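Residue 2 is where the sequence shown starts when you use this note's numbering, and the numbers rise one by one after that. Notes for the one structure printed next.
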Amino acid sequence: MLYHFLYPLHTDLNFLNVFRYITFRSIGAAVTAFLIVVIFGPLFIRTMRRFQIGQVIRDDGPASHLAKQGVPTMGGLLIIAAITVGTLLWARLDIWQVWLGLFIILFYGGIGFVDDYRKVKKNNSKGLSAKGKLILQIIGASVVGLAIFLHPGFDGHLSFPFFKNLRPDLGWFYVVFAVLVIVGSSNAVNLTDGLDGLAAGPTVVTAAVYLVFSYLAGHVVLADYLQLPYVAGSGELAIFCGTIVGACLGFLWFNAYPAQMFMGDVGALALGGALGAIAIIIKQEFLLAIVGGIFVMEALSVIMQVGYFKLTNGKRIFLMAPFHHHFEKKGWHEPKVVVRFWIVSIILGLFAIATLKLR
Ligand code: 57M
Numbered sequence: 002m003l004y005h006f007l008y009p010l011h012t013d014l015n016f017l018n019v020f021r022y023i024t025f026r027s028i029g030a031a032v033t034a035f036l037i038v039v040i041f042g043p044l045f046i047r048t049m050r051r052f053q054i055g056q057v058i059r060d061d062g063p064a065s066h067l068a069k070q071g072v073p074t075m076g077g078l079l080i081i082a083a084i085t086v087g088t089l090l091w092a093r094l095d096i097w098q099v100w101l102g103l104f105i106i107l108f109y110g111g112i113g114f115v116d117d118y119r120k121v122k123k124n125n126s127k128g129l130s131a132k133g134k135l136i137l138q139i140i141g142a143s144v145v146g147l148a149i150f151l152h153p154g155f156d157g158h159l160s161f162p163f164f165k166n167l168r169p170d171l172g173w174f175y176v177v178f179a180v181l182v183i184v185g186s187s188n189a190v191n192l193t194d195g196l197d198g199l200a201a202g203p204t205v206v207t208a209a210v211y212l213v214f215s216y217l218a219g220h221v222v223l224a225d226y227l228q229l230p231y232v233a234g235s236g237e238l239a240i241f242c243g244t245i246v247g248a249c250l251g252f253l254w255f256n257a258y259p260a261q262m263f264m265g266d267v268g269a270l271a272l273g274g275a276l277g278a279i280a281i282i283i284k285q286e287f288l289l290a291i292v293g294g295i296f297v298m299e300a301l302s303v304i305m306q307v308g309y310f311k312l313t314n315g316k317r318i319f320l321m322a323p324f325h326h327h328f329e330k331k332g333w334h335e336p337k338v339v340v341r342f343w344i345v346s347i348i349l350g351l352f353a354i355a356t357l358k359l360r
């Protein structure tokens, strides 16, 4: 919005020229989203406490989690508000990809909200049925897949880090692929969100890396130089990524151990869905498996554990899945698990950036 109001005035007020730059607006967007969460966080926590909207803790988890009973949840509402306001303020609103990003975060946030609300209302840890949640996620992701497919500039080629000449064309199947990436990413972030700061940290890293890639993918000269697929308009998604970085850093302020609030499904499903959608829109789908390696490992640990559990009638690979509970059960203190996962995430983020030159 600021771009549309302020940039046209640059002919009279020269300094307003700065609103043309995606770099400047991405930083502005990140700071705005951060401040919204940090400023409204205490009020949000107090309100959730007053209305007794707190986490219901399962009694079959690690014992240390029982102390978290009643911690205010649904902090994702604040995250989503900050991302939406930040994006509307700083992004160019004539770029369709920006609306697609906002759509997925609001749609998936809506699914998570219904799930959280039911849990809180019924005062147990079960919300929407797994099937109901999956169907809704598929519907939301299909809208994104179809919007990309039906756009005149559609390109169904995949791109892989390291293999610049490997570019299979998926054609209409790209829509199915988009659904798999978005739904998979949303659920993987949701599974990861089980320790204080565990989901928000790697989300910051992933969104920061995608901020860089979105900028490059939308820059015709740099995309060509770095041999990335050029996606017209995708540079504006850097601003959307900036708001995710800012909002999650602000959320971490309160979610750092010992957490004063959790993001809830409303936050985890929305953030995961948004990361998946960004990867699809800027055509860097496989990069998500690298930079979001923590989410991938967490999801794989659940798939392996549940599969093995069923095959062997109750035997386990890990002491408990998802993976982070395994380390807790081994006696690592919660912040130690979280900070070590962050370290791995940062290293994966740096590696993802390095793929720019390894082609
Ligand atoms: C959500 N939710 C957290 C919070 C957060 C198939 C199965 C592996 C599914 C999995 C599952 O249900 N995962 C999805 C995980 C919950 O956090 C809430 O949920 C939101 C995210 N959706 O924002 O609102 C708990 O996580 C802790 N937490 C923190 N700090 C945070 O910042 O400490 C969350 C955020 C919170 C809090 O304790 O209550 C969760 O873990 O439930 N199921 C599991 O994860 C369960 N695993 C399991 O049953 N494993 C089995 C296999 C055979 C399936 C096994 O390995 O034996 C575990 N989770 C729990 N208890 N709580 C184990 C049992």
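No residue lacks a Cβ here, since even glycine has one placed at the ideal position from N, Cα and C. Here the structure is a predicted model, which is why all the values come from computation and not from measurement.
For Phe164, the three-state secondary structure derived from DSSP is strand.
In this model, Asn124 and Ile283 are separated by some 41 Å (Cα to Cα). If you ignore the 5 residues before and after Met298, its C-beta comes within less than 8 Å of the C-beta of Phe324, all in its own chain and listed in chain order.
In this structure, Gln306 lies away from Ile291, with their beta-carbon atoms at least 8 Å apart. Taking 8 Å as the cut-off, the beta carbon of Phe214 is found closer than this to the beta carbon of Gln285. In its chain, beyond the 5 residues on either side, Gly141 have a beta carbon closer than 6 Å to the beta carbon of Phe108. By the neighbour-count criterion, in which a residue is buried when 16 or more other Cβ atoms sit within 10 angstroms of its Cβ, Trp343 is buried.
Restricted to the region 85 to 171, the alpha helix (DSSP H) segments that are unbroken, complete and at least 4 residues in length are 97 to 123 and 131 to 151, listed in chain order.
For the set Tyr175, Glu329 and Ala92, the Cα lying nearest the Cα of Leu199 is the one of Glu329. A Cβ-Cβ distance of about 19 Å is found for the pair His152 and Arg168, leaving them out of contact under the 8 Å criterion.
Comparing alpha carbon positions, the residue from Ser235, Ala189, Ile112 and Gly133 closest to Gly154 is Ser235.
Assigned with DSSP and collapsed to three states, Gly55 falls in strand. Taking a C-beta distance under 8 Å as the contact criterion, Leu288 and Leu276 do not qualify as a contact pair. Taking 8 Å as the cut-off, the Cβ atoms of Gly102 and Leu212 do not count as close. Under the DSSP assignment, Asn314 falls outside any alpha helix (DSSP H); it carries neither an H nor an E label. Residue pairing from DSSP leaves Pro63 without any beta-bridge partner.
Excluding residues up to 5 positions away in sequence, Pro73 lie with their Cβ nearer than 6 Å to the Cβ of Met49 in the same chain.
Between the ligand 57M and the CB of His66, the shortest heavy atom gap is smaller than 7 Å. Apart from sequence neighbours up to five positions away, the residues of its chain that approach Ala278 with a beta-carbon distance below 7 Å are Leu101, Gly102, Ile105, Val145 and Ile183, ordered along the chain.
Look at the beta carbons and you see the region 24 to 44 touching the region 249 to 256: at least three pairs across the two are nearer than 8 Å. With a contact defined as Cβ atoms closer than 8 Å, Ala322 and Gly77 miss out at about 23 Å. Runs of the beta strand (DSSP E) lying entirely within the region 240 to 321, each at least 3 residues long, are absent. In this structure, the beta-carbon distance from Gly55 to Gly71 falls below 8 Å. Taking 8 Å as the cut-off, the Cβ atoms of Ala353 and Val210 count as close. For Pro336, the uninterrupted alpha helix (DSSP H) run begins and ends at Glu335 to Ala355, by DSSP. Of all alpha-carbon atoms in Trp333, Pro336, Ile28 and Ser65, the one lying nearest the alpha-carbon of Thr244 is that of Ile28.
Taking non-hydrogen atoms of the ligand 57M into account, the C-beta of Asn124 is found less than 7 Å away from none of them. If you draw a 10 Å sphere on the C-beta of Trp173, you find fewer than 16 other C-beta atoms in it, and that means exposed. Within the same chain, and ignoring the five residues on either side of His66 in sequence, the residues whose Cβ sits closer than 6 Å to its Cβ are Ile58.
Assignment of Pro73 by DSSP, reduced to helix, strand and coil, places it in the strand class.
CA-to-CA, the gap between Tyr216 and His5 works out to about 19 Å.
In this structure, the alpha-carbon of Gly308 lies about 30 Å from that of Val206. Cβ-Cβ distances below 6 Å link Ile46 to Pro73, Gln261 and Met262 in the same chain, with the five nearest sequence neighbours on each side left out; the list follows chain order. When secondary structure is reduced to three states using DSSP, Leu196 falls in the coil class, being assigned neither helix nor strand. If you look at Gly202, you'll find it in the alpha helix (DSSP H) that goes Ala201 to Ala218.
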